[in-house]
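Student: Count along the sequence shown from 1, then add 166; that gives the number in the working numbering.
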Amino acid sequence: MTAEVVLDGESLTPAEVVAVARNGATVTVADTARERIRESRERVESVLDSGEAVYGVTTGFGDLVDERIPREDLDALQRNLLRSHAAAVGRELTTEEVRAMMVTRANTLAKGYSGIRESVVDLLVAMLDAGVHPVVPSRGSLGASGDLAPLAHMSLVLIGEGEAEVEGDRLPGDEALDAVGLEPVTLRAKEGLALINGTQLTVGVAALLLADAERLVAAADIAGALTTEVTLSSTVPSHEAITDVRPHAGQAASARNIRRLTADSDVVESHRNCDRVQDAYAMRCLPQVHGAVRDAVAHLREAVEVELNSATDNPLVFPREAVGDRASGSDSAGVLSGGNFHGAVLAMRLDYLTNALTELAAISERRTDRMLNPNLQEPHLPPFLTERSGVRSGYMIAQYTAAALLNECRSFGRPSMDNTPVSGNQEDHVSMSAQSAYLARKAARNAAAILGVELCCGAQAADFVDDALELGVGSAEAYDAVRAVVPKLTADRPIHEDIEAAGALVESSAFIERVAAALDEGLE
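Structural data, given as structure tokens:
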């Protein structure tokens, strides 16, 4: 576990975001980044001295871009920017989402292109380390100009306004800072805009989602391997010869996992020469479907790793020699207005991941049906995996829950395909990336519960397999892990606790680590 994360604007990883957001890792700013921050601020000061009209520095924002602001009003402009943009509503972000947003914003400021003072970045980092967590409503971002409204709520606390939680107490911003010995700052020119103009809510949530999605696909391989064995299905579809002639990386990884999980299985050997020619697609195409989900996760990871270490502010402040004459500013500073705040690169991939996680859930639900359905089951399995079926319903309704959650995933829609122009039509194409992130996380939670249903049924089905036959080394470990939290169903009982316990297992890194430790080559 990472105990300290050093921000340099260049090397922040998704795992480090998780370490700060979930595990309370401390944060420091690298000396090299501090020097860049100071140089960037000096460039902003040179622009102020030049008297030139520069967007975001000496002008209004959005459709008010043509409004020139007198120098004596520039501090008030930044304060008013935070106040006016703190317009979000809806459920409040969780502590881990807020911390992810804070650390990713501090890192992009550390790149040294935003013109903010070192003291403001230091306060943001100090709040993280002291556990001062701004209260941030989740709805209001359009993903361009970044995640403005949520970031404004976060930033209000830096000036002693808004609200924050400290050790479980909800306090006004100034009192929250005072409770841990910190003082608010007075923002100067450009700093309010630097704090709120970027994709840090989206990329912070996406970084958390990556960790969850990567665990999910590994858990899906485990659940699928167990189901493969207890339904007496074949492991041949995971043969390396098949993947070698269609060498997608994700497919190959899931196939390797299935081979490792089912290694040394007496169950697999017991029917190796049976007369069944092929299994249903939910079993036979497991590597292809799980692999495609892996590829979707990898596609998101690629964008997140770049975005975490990108400058997403607007305008951006460069050394004059870096941009030449095609920039406003001063002799030493070139200020360029652009669109790095636009979240399309994340939104589209997040929607893609929502699609992929929905398919992961869908194939899991179909495998569950293969274990429960009296019209499809193998002869050794009783209807709905219960003795005295009819009098008892067993896990019948667990599939209903899986189907309901799957239907919800399919109804989510794709925010990146929508657009609502705002700000007097100046901001006429937005990404809706935050909504994409929220829905992808919902899809992940639903998929975890659906995989939990499959694991409950897989463990129950294993109890009806011939006692003389041992499961594969990985499947056996998965069975034991499930049975540690879900007892065998010997009579009807409220099974929501089974589903919740198994779903929590899927979401825990401990489950993946336990099963992986039982394998010679681990899990991918």
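By construction, the Cβ of each residue, glycine as well, lies at the ideal position given by its N, Cα and C atoms. The structure displayed is predicted, hence computed values, not measured ones.
(1) What separation, rounded to the nearest whole angstrom, lies between the Cα atoms of Leu290 and Leu324?
(2) Looking at Gly222 and Pro485, is the spacing between their C-beta atoms short of 7 Å?
(3) With 16 as the cutoff for other CB atoms within 10 Å, does His595 come out buried or exposed?
(4) Name the two residues that bound the continuous alpha helix (DSSP H) containing Ala469.
(5) How about Ala254 and Gly312: do their beta carbons lie closer than 7 Å?
(6) Roughly how many whole angstroms lie between the Cα atoms of Val648 and Val489?
(7) Could you pull the start and end residues of the alpha helix (DSSP H) that Glu690 belongs to?
(8) So, does the segment 675-683 touch the segment 379-386, judging by three or more C-beta pairs under 8 Å?
(9) Residues in the same chain with beta-carbon distance under 6 Å from Leu523, minus the five sequence neighbours each way, listed in chain order, please.
(10) When you compare only the Cα positions, how much space is there between Ala407 and Leu635?
(11) Roughly how many whole angstroms lie between the Cα atoms of His456 and Gly504?
(12) Give me the Cβ distance between Gly364 and Leu294, rounded to the nearest whole Å; I'm assuming they're in contact under 8 Å.
(13) Under a three-way DSSP split, which group does Val255 fall into?
(14) Just the Cα atoms here: how many angstroms apart are Thr552 and Ser404?
(15) Let me know if Pro236 comes out buried or exposed under the rule of 16 or more other beta-carbons within 10 Å of its beta-carbon.
(16) Going by C-alpha to C-alpha distance, which of Ser431, Glu341 and Gly339 sits closest to Asp633?
(17) Sorted by chain position, which residues of the same chain lie with C-beta nearer than 7 Å to Asn585's C-beta, five sequence neighbours on each side aside?
(18) Where do the N-terminal and C-terminal ends of the beta strand (DSSP E) with Gly500 fall, by residue?
(19) In terms of residues, what are the limits of the alpha helix (DSSP H) holding Phe677?
(20) Roughly how many angstroms lie between the CA atoms of Gly416 and Leu689, to the nearest whole one?
(21) Apart from the five residues on each side of it in sequence, which residues of its chain come closer than 7 Å, Cβ to Cβ, to Thr368?
(22) Count Cβ pairs between the segment 448-468 and the segment 656-669 that sit closer than 8 Å; are there 3 or more?
(23) Taking just the CA atoms, how far does Asn423 sit from Ala628?
(24) Give a yes or no on contact between the segment 547-565 and the segment 260-272, applying the rule of three or more CB pairs nearer than 8 Å.
(25) Using 10 angstroms around the beta-carbon of Val652, count the other beta-carbons present and answer buried if the total reaches 16, otherwise exposed.
(26) What is the rounded straight-line gap between the Cα of Phe630 and the Cα of Ala644?
(27) For the segment 296-303 against the segment 329-349, are there 3 or more C-beta pairs whose distance is under 8 Å?
(28) Based on the DSSP output, what are the partners of His299 in its beta bridges?
(29) Find the nearest neighbour of Pro581 within the set Asp241, Met514, Glu263 and Gln626, judged by alpha-carbon distance.
(30) Note the first and the last residue of the continuous alpha helix (DSSP H) segment covering Leu542.
(31) For the alpha helix (DSSP H) containing Leu482, list its first residue and its last residue.
(32) For Glu525, which residues in the same chain have their Cβ closer than 8 Å to its Cβ, ignoring the five residues on either side in sequence?
(33) Roughly how many angstroms separate the alpha carbons of Tyr561 and Asp461, rounded to a whole number?
(34) Since Val396 and Gly624 should fall inside the 8 Å C-beta cutoff, what is the C-beta to C-beta distance between them, to a whole number of angstroms?
(35) Could you check whether Thr393 and Thr428 sit closer than 7 Å to each other, using their CB atoms as the reference points?
(36) For Ala493, count the other beta carbons within 10 Å of its own beta carbon; 16 or more makes it buried, fewer makes it exposed. Which is it?
Tutor: Taking the geometry as given:
(1) 7 Å
(2) no
(3) exposed
(4) Leu452 to Glu473
(5) no
(6) 59 Å
(7) Looking at the DSSP string, Glu690 is not in any alpha helix (DSSP H), and its letter there is neither H nor E.
(8) yes
(9) Ala609, Ala610 and Ala613
(10) 27 Å
(11) 39 Å
(12) Gly364 to Leu294, Cβ: 17 Å. No contact.
(13) strand
(14) 30 Å
(15) exposed
(16) Ser431
(17) His595 and Val596
(18) Ala499 to Leu502
(19) Ser675 to Ala683
(20) 13 Å
(21) Gly309, Asp313, Gly509, Leu512, Ser599, Ala600 and Ala603
(22) no
(23) 20 Å
(24) no
(25) buried
(26) 16 Å
(27) yes
(28) Glu331
(29) Met514
(30) Premise fails: Leu542 is in no alpha helix (DSSP H) and is neither H nor E.
(31) Where Leu482 is concerned, there is no enclosing alpha helix (DSSP H), although the beta strand (DSSP E) it sits in stretches over Leu482 to Pro485.
(32) Val455, Ala458 and Val459
(33) 32 Å
(34) 6 Å
(35) no
(36) buried
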